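Before any comments, here is the structure.
Number of protein chains: 2
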Amino acid sequence: MRDVAARAGVSPATVSNALNHPDKVSPATRERVHAAIAELGFVRNSAAHQLRRGTNRAVGMVVLDVANPFFTDVARGVEDGLAEQGRPLILGNSGQEPIRESAYLDLFEEQRVSGLLITPVGDVLGRLRRLRDRGTCVVLVDRRVGVKEFSSVTVDDRRGGRLATEHLLALGRRRLAFVGGPVRLNQVRHRLEAARAAVDAHGSGEVRYVETTTMDAAAGRTGAEQLLSLPAAERPDAIFAANDLVALGVLQALTRARVAVPDDIAIVGFDDIDFAASAAVPLSSVRQPAVDMGRAATTRLLEIIADPTGSSVTHTVLEPELVVRDSTAGA
Amino acid sequence: MRDVAARAGVSPATVSNALNHPDKVSPATRERVHAAIAELGFVRNSAAHQLRRGTNRAVGMVVLDVANPFFTDVARGVEDGLAEQGRPLILGNSGQEPIRESAYLDLFEEQRVSGLLITPVGDVLGRLRRLRDRGTCVVLVDRRVGVKEFSSVTVDDRRGGRLATEHLLALGRRRLAFVGGPVRLNQVRHRLEAARAAVDAHGSGEVRYVETTTMDAAAGRTGAEQLLSLPAAERPDAIFAANDLVALGVLQALTRARVAVPDDIAIVGFDDIDFAASAAVPLSSVRQPAVDMGRAATTRLLEIIADPTGSSVTHTVLEPELVVRDSTAGA
DNA sequence: GCAGGCGATTGAATCGTTTTAACGCAGTGG
DNA sequence: CCACTGCGTTAAAACGATTCAATCGCCTGC
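As given, the protein sequences belong to chains A and W, one line each in that order. The opening residue of the first sequence carries number 1 in the working numbering; numbering runs sequentially from there. The opening residue of the second sequence carries number 1 in the working numbering; numbering runs sequentially from there.
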């Protein structure tokens, strides 16, 4: 910056002003400064910038699983929202592993990011509090922990679970199975509880729970195989999968075992990722507005950043929607 | 850090040493320092760290399309590779838009990241040169530009194109269509050229090119509809899609139009993303070792970072592999 | 007992920017 | 003619860490 200043025949302070407070600099000087910047190919050092400014404009985000299109959709919504303020997004992937989640929180804490969007896996309440006390605004995405303290944007998982289950019951299915996990994750628990509640309310039927450690297609396959190994009388006639990746895995295992979908076993997924519609048997699924969720979370986060003290804790709950396709209502 | 120093009864310099050069500090003092850090919940300010150090340990990456599982797989490989050195990854998504790509390059340039992995969209050669001159090491992923100057890790797109095309020809298909684009992208051009070359070598057959602006399912659908609107005699009997997302879109459009796959029209995709196998008609595809590619690019990048001057430009080319499924060889 | 050497610690300078308070200068009103 | 205002500019002090050279003990060998 000193070089730029020298070349433009001004002091470094003026260069800084030309960049950050253009109104404080006369048009003529501003022009000269910009010319010098262009000639020298100057790019400001953001480390120094941040150090002095005391704040990093970037926002950090930790998603559960980048391999899941649902989360990349959420991330796209976030990216769009941030782009409007020209704030960079630093995206981290925990892959459902608390250790990696923690590593990203370390990084964001060191970076003093101004905001954090997170779908927590591990026990991070303490960390989040510390971040908040350090001045990083936090919004929870698709998950609530310490609801009292942090704003959140979620989808009504119970409602989604109810929609899916009532749909299966209405089709005459009674022996339901829920595949997915771990149950420690709120989303999973809520969807499962809602399924059980819907069955209870209906008066007949049962829900068997097959817990998995992850929520990918492999988990769906092993979950389904487990169910297929049951005696015929106990075998479910419908499977509600915790998400679409699991549902696709279930579908693969059933197809391989020559079980007819939906005739023998119906399948409902969750998320309605794009690939659900083009699956071997197009998947019925509980649609979550992923991109909207990302945008909503970002909007809320930016509000809090703009006025950290004034804003109270809010919880935005978006509504899921059942999309019926062949895997439950097939020919 | 001053507070930590005071609490541990040492000078700030010693705290710094305890953190960065533990061997320079006696075990007893090191212990005291760490205790003080824990008690005070000290987290170092990475802006100051970087400013003084002059280098940012982070590595930046710009991918073409996070919505494409292929790229998230590559990113996972990169993340794993970097994790071994404890380097953070800053992931940016250009979404095939040069403007957004450019914005991320600005960010990485300001941040003085030590390395950059990029699958370029726009004309960024000049930018890359400047970054390199500033000390940021660059490795191209899945693309070569200015081959003379920058190391790259790619998959042999021509070979992939040849494999797919020869497969279709061997099945007796002659009226081929290639769907995807823009042709400005090297990958697309190489795959297309290889297809044409294979047809020429075979002596009979033709390749019609349907260019699209993006490479997602929507593009595949419109591309396929365009082909279906041709007079029956010109309609292709096989479609080679530039990637699996496009292939899935093509498949959807054909299914909707009640065209039998593969009987009337066979489909081959590219990438072999996980979802290809579980599609309505399981997709034949040219498999790219995405995760390996990410890892290889990272390994190479870290080598260059370790010894920026000593290492020469290298080009790692990974081999693709044809995976045959129902969409070409169906029952 | 002393010179010399060695390891642990520290004071002070430094990284590149932003910010604050002060400065010079021209115009204005009393 | 002076005091004052307002504008554009600048010198210098931060920001929070790292690093280099210097210092301080302490031990060893003669």
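Where is the CB? At the ideal position from N, CA and C, for every residue including glycine. For clarity, every value in this text was computed on a predicted model and none was experimentally measured.
Closest Cα partner of residue i within the set the options
i                 : options                                       : result
His-190 (chain A) : A:His-202, A:Arg-159 and A:Leu-176            : A:Arg-159
His-202 (chain W) : W:Glu-166, W:Leu-228, W:Gly-220 and W:Gly-223 : W:Glu-166
Arg-30 (chain A)  : A:Pro-282, A:Met-61 and A:Gly-9               : A:Gly-9
Leu-107 (chain W) : W:Val-66, W:Pro-69 and W:Ala-58               : W:Ala-58
Ser-204 (chain W) : W:Ile-305, W:Asp-272, W:Leu-169 and W:Arg-325 : W:Leu-169
Arg-247 (chain A) : A:Ala-219, A:Leu-230 and A:Phe-71             : Note that residue 247 (chain A) is Ala in the sequence shown here, rather than Arg. Per the Cα distances, A:Ala-219.
Leu-19 (chain W)  : W:Ala-276, W:His-49 and W:Glu-193             : W:His-49
Arg-256 (chain W) : W:Arg-287, W:Val-281 and W:Asp-272            : W:Val-281
Arg-260 (chain A) : A:Asp-326, A:Glu-110 and A:Val-199            : Reading the sequence as shown, one finds Ala at residue 260 (chain A) and not Arg. Nearest option by C-alpha distance: A:Asp-326.
Ile-273 (chain A) : A:Pro-289, A:Arg-258, A:Asp-263 and A:Pro-262 : A:Pro-289
Val-291 (chain W) : W:Gly-60, W:Ala-75 and W:Ser-46               : W:Ala-75
Ala-35 (chain W)  : W:Ala-47, W:Ala-5 and W:Thr-309               : W:Ala-5
Ser-278 (chain W) : W:His-21, W:Leu-245, W:Asn-93 and W:Gly-172   : W:Leu-245
Gly-92 (chain W)  : W:Met-61, W:Leu-82 and W:Glu-110              : W:Met-61
Ser-284 (chain W) : W:Pro-308, W:Asp-271, W:Pro-320 and W:Val-324 : W:Val-324
Asn-186 (chain W) : W:Glu-225, W:Arg-7, W:Asp-157 and W:Tyr-209   : W:Asp-157
Val-33 (chain A)  : A:Arg-208, A:Ser-16, A:Val-199 and A:Tyr-104  : A:Ser-16
Val-210 (chain W) : W:Pro-236, W:Ala-164 and W:Ala-83             : W:Pro-236
Distance between beta carbons of residue j and residue i, contact taken as under 8 Å
i                 : j                 : result
Gln-252 (chain W) : Ala-217 (chain W) : 7 Å
Ser-102 (chain A) : Gly-122 (chain A) : 7 Å
Ala-177 (chain A) : Leu-227 (chain A) : 6 Å
Gly-77 (chain A)  : Gly-294 (chain A) : 2 Å
Pro-182 (chain W) : Thr-213 (chain W) : 6 Å
Pro-67 (chain W)  : Thr-119 (chain A) : Pro is not the amino acid found at residue 67 (chain W); the sequence shown has Ala there. Going by Cβ atoms, the distance from Ala-67 (chain W) to Thr-119 (chain A) rounds to 18 Å, so no, they are not a contact pair.
Asp-65 (chain W)  : Gln-96 (chain W)  : 6 Å
Ala-297 (chain W) : Val-139 (chain W) : 5 Å
Phe-275 (chain A) : Phe-275 (chain W) : 4 Å
Glu-206 (chain W) : Arg-173 (chain W) : Incorrect: roughly 11 Å between the Cβ atoms, too far for contact.
Ala-194 (chain W) : Arg-144 (chain W) : Going by Cβ atoms, the distance from Ala-194 (chain W) to Arg-144 (chain W) rounds to 15 Å, so no, they are not a contact pair.
Ala-224 (chain A) : Val-179 (chain A) : 7 Å
Environment of residue i [buried if 16+ CB atoms lie within 10 Å]
i                 : result
His-315 (chain W) : exposed
Gln-85 (chain W)  : exposed
Asp-52 (chain A)  : First, the residue type needs correcting, since residue 52 (chain A) is Arg and not Asp in the sequence shown. Exposed.
Arg-184 (chain A) : exposed
Ala-331 (chain A) : Confidence in Ala-331 (chain A) is poor, its pLDDT being 44 and thus under 50, which makes the residue's placement too unreliable to answer from.
Ser-26 (chain W)  : exposed
Pro-12 (chain A)  : exposed
Arg-2 (chain W)   : exposed
Glu-234 (chain A) : exposed
Glu-79 (chain W)  : buried
Ala-371 (chain W) : The requested residue 371 (chain W) is not part of the displayed model; chain W covers only 1 to 331.
Val-147 (chain W) : exposed
Asp-263 (chain W) : exposed
Leu-230 (chain A) : exposed
Thr-14 (chain A)  : buried
Glu-149 (chain A) : exposed
Thr-328 (chain W) : buried
Ala-22 (chain W)  : The sequence given here places Pro at residue 22 (chain W); Ala does not occur at that position. Result: exposed.
Pro-320 (chain A) : buried
Ala-28 (chain W)  : exposed
Ala-306 (chain W) : exposed
Arg-287 (chain A) : buried
Three-pair Cβ contact test at 8 Å for the segment 131 to 145 of chain W versus the segment 240 to 257 of chain W: no
Entirely enclosed alpha helix (DSSP H) segments - the segment 182 to 212 of chain W, minimum 4 residues: 186 to 202
Contact the segment 230 to 242 of chain W vs the segment 261 to 275 of chain W: 3+ CB pairs below 8 Å: yes
Three CB pairs or more closer than 8 Å across the segment 147 to 165 of chain W and the segment 297 to 315 of chain W: yes
Inter-stretch contact at 8 Å, needing at least 3 Cβ pairs: the segment 81 to 99 of chain W / the segment 36 to 46 of chain W: no
At least 3 beta-carbon pairs within less than 8 Å: the segment 285 to 302 of chain W vs the segment 101 to 118 of chain W: yes
Whole runs of the beta strand (DSSP E) within the segment 54 to 131 of chain A, excluding any shorter than 3 residues: 56 to 63, 89 to 93 and 113 to 118
Those runs of the beta strand (DSSP E) which lie wholly inside the segment 298 to 329 of chain A and span at least 3 residues: 315 to 318 and 321 to 323
Every unbroken beta strand (DSSP E) inside the segment 232 to 294 of chain A [3 residues or more]: 238 to 241, 266 to 271 and 284 to 287
Minimum length 4: unbroken alpha helix (DSSP H) runs contained in the segment 13 to 48 of chain W: 27 to 40
Length-filtered (3 minimum) beta strand (DSSP E) runs lying within the segment 143 to 179 of chain A: 151 to 155
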